[in-house]
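Engineer: The following block contains the structure, expressed as structure tokens.
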Amino acid sequence: MIKIYLAEDQSLLNSALTQLLDLEDDFQVVGSAVDGAKAWQDLQILKSNIAILDIEMPKMTGLEVASRVNKKKLDEKVIILTTFAQKAYFEQAVAANVAGYLLKDSPSDELITAIRDVSEGKTIFAPELVVNMISVENNPLSTREMEVLAVAESGITTKQIAKQLFLSEGTVRNYLSAIFSKLGVHNRIEAIKMAQRNKWL
59 MIKIYLAEDQ SLLNSALTQL LDLEDDFQVV GSAVDGAKAW QDLQILKSNI
109 AILDIEMPKM TGLEVASRVN KKKLDEKVII LTTFAQKAYF EQAVAANVAG
159 YLLKDSPSDE LITAIRDVSE GKTIFAPELV VNMISVENNP LSTREMEVLA
209 VAESGITTKQ IAKQLFLSEG TVRNYLSAIF SKLGVHNRIE AIKMAQRNKW
259 L
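Here my numbering is used: the first residue of the sequence shown is 59, the next is one more, and so on.
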């Protein structure tokens with residue numbers, strides 16, 4: 059029997075995953091949490107084989123929990139679930155010696171297979187994430203897009219960015235839209251944070 063601990067801050071997804079995993083004859087979900095602090099507390103007490111951790115959680119991230127599991131040499135093997143294909147996160151996961159790093163929107167049978175593989179000592183990284191880590195080594199943004207992002211870093215409005223760069227507001231919006239698309243983010247704050255983490259800004 060593979061004993062699984064699940065930490066996912068979205069309650070509905072947490073419940074759905076718990077029910078899905080419990081349907082497998084060789085799986086037993088022994089505990090769950092919706093924040094990282096509780097997950098870390100539980101993992102020191104519960105004797106699970108696999109800890110599935112969401113990368114972004116309140117109080118403590120999945121990566122912080124994974125790092126503590128690694129440092130304390132706990133028996134749990136950690137699988138990180140993420141929606142973020144970011145180099146910095148991937149490097150932290152590798153440093154924390156995680157056994158799995160998977161996309162949240164992967165098919166459920168891939169997660170189930172990964173759990174069994176990890177329990178047998180294998181390391182499973184989603185191919186899409188590895189490809190993204192390689193490509194993100196090089197800045198995908200054009201010189202002009204970087205200029206727009208660098209000016210946006212100061213927190214000024216689209217109108218002010220346009221004035222400073224002698225562009226129309228529509229052109230600035232188009233550049234920002236292209237930046238978000240290339241980086242896989244939703245807004246300027248996320249784009250700036252990613253650029254800073256990768257030392258592009």
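We put the CB at the ideal spot given by N, CA and C, even for glycine.
Measure the C-alpha to C-alpha separation of ILE137 and LEU160 and round it to an integer number of angstroms.
Structural biologist: Here residue 137 refers to the residue found at position 79 of the sequence shown. Here residue 160 refers to the residue found at position 102 of the sequence shown. Cα-Cα distance, rounded: 7 Å.
Engineer: Report back the beta-carbon spacing between GLU134 and ASN107 to the nearest angstrom; my notes put them in contact at under 8 Å.
Structural biologist: The sequence position of residue 134 within the sequence shown is 76, counting from 1. The sequence position of residue 107 within the sequence shown is 49, counting from 1. The pair is a contact, with the Cβ atoms about 7 Å apart (cut-off 8 Å).
Engineer: The beta strand (DSSP E) spanning ILE237 covers which residue range?
Structural biologist: Here residue 237 refers to the residue found at position 179 of the sequence shown. Not the beta strand (DSSP E): ILE237 falls in the alpha helix (DSSP H), residues 227-241.
Engineer: How big is the Cα-Cα spacing for LYS221 and ASP67?
Structural biologist: Counting from one through the sequence shown, the residue named residue 221 turns up at place 163. Counting from one through the sequence shown, the residue named residue 67 turns up at place 9. So the two alpha carbons sit approximately 41 Å from each other.
Engineer: Within a Cβ cutoff of 6 Å, which residues of the same chain sit near THR181, ignoring the five residues on either side of it in sequence?
Structural biologist: Walking along the sequence shown from the start, residue 181 turns up at place 123. Closer than 6 Å at the Cβ level, and outside the excluded window around THR181, lie ALA157.
Engineer: Could you have a look at SER125 and say whether DSSP puts it in helix, strand or coil?
Structural biologist: As a working note, residue 125 is residue 67 in the sequence shown. It is helical.
Engineer: Using the Cα positions of LYS162 and LEU81, report the straight-line distance between them to the nearest angstrom.
Structural biologist: Residue mapping note: residue 162 aligns to position 104 of the sequence shown, counting from 1. Residue mapping note: residue 81 aligns to position 23 of the sequence shown, counting from 1. The straight-line gap from Cα to Cα measures roughly 19 Å.
Engineer: Our contact map puts VAL240 next to LEU199 with C-beta atoms below 8 Å; I'd like the distance itself, whole angstroms only.
Structural biologist: Locating residue 240 in the sequence shown gives position 182, counting from the first residue. Locating residue 199 in the sequence shown gives position 141, counting from the first residue. Per the sequence shown, the amino acid found at residue 240 is Lys instead of Val. That belief holds up - the Cβ atoms of LYS240 and LEU199 are roughly 6 Å apart, short of 8 Å.
Engineer: Could you name the residues that DSSP lists as bridge partners for ALA65?
Structural biologist: By 1-based counting over the sequence shown, the position of residue 65 is 7. Answer is ALA91 and LEU111, bridged to ALA65.
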